[in-house]
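I have placed the structure first, in the form of structure tokens, so that the comments after it can refer back to it.
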Amino acid sequence: MFQENLSLYRGVYRLKHDIRFVEYVTRTELGMIGKNEYIVRFAPPKDKLLPETDKTPKE
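Residue numbering for the sequence shown follows the working numbering, beginning at 603 and increasing consecutively.
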């Protein structure tokens, strides 16, 4: 119990006094990005896309 309280206390202290720790937490836990940064998403390769289904009935 003491170790858990100490760990929580240290985390709160760092959130109040360490801007780099705040940035780390917001990036990793909240998924935020920094100023002048962009998110780039790439489309999957065409060979990895699902094939179109043939809608004509087969006899």
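C-beta: ideal position from N, C-alpha, C; glycine also.
- For the alpha helix (DSSP H) assignment, the uninterrupted runs of no fewer than 4 residues enclosed by the region 604-638 are, from N- to C-terminal side, 604-619 and 621-632.
- Contact annotation: I635 and R629 have beta-carbon atoms nearer than 9 Å.
- Distances from the alpha-carbon of K637 to those of D620, F604, V614 and E625 put E625 closest.
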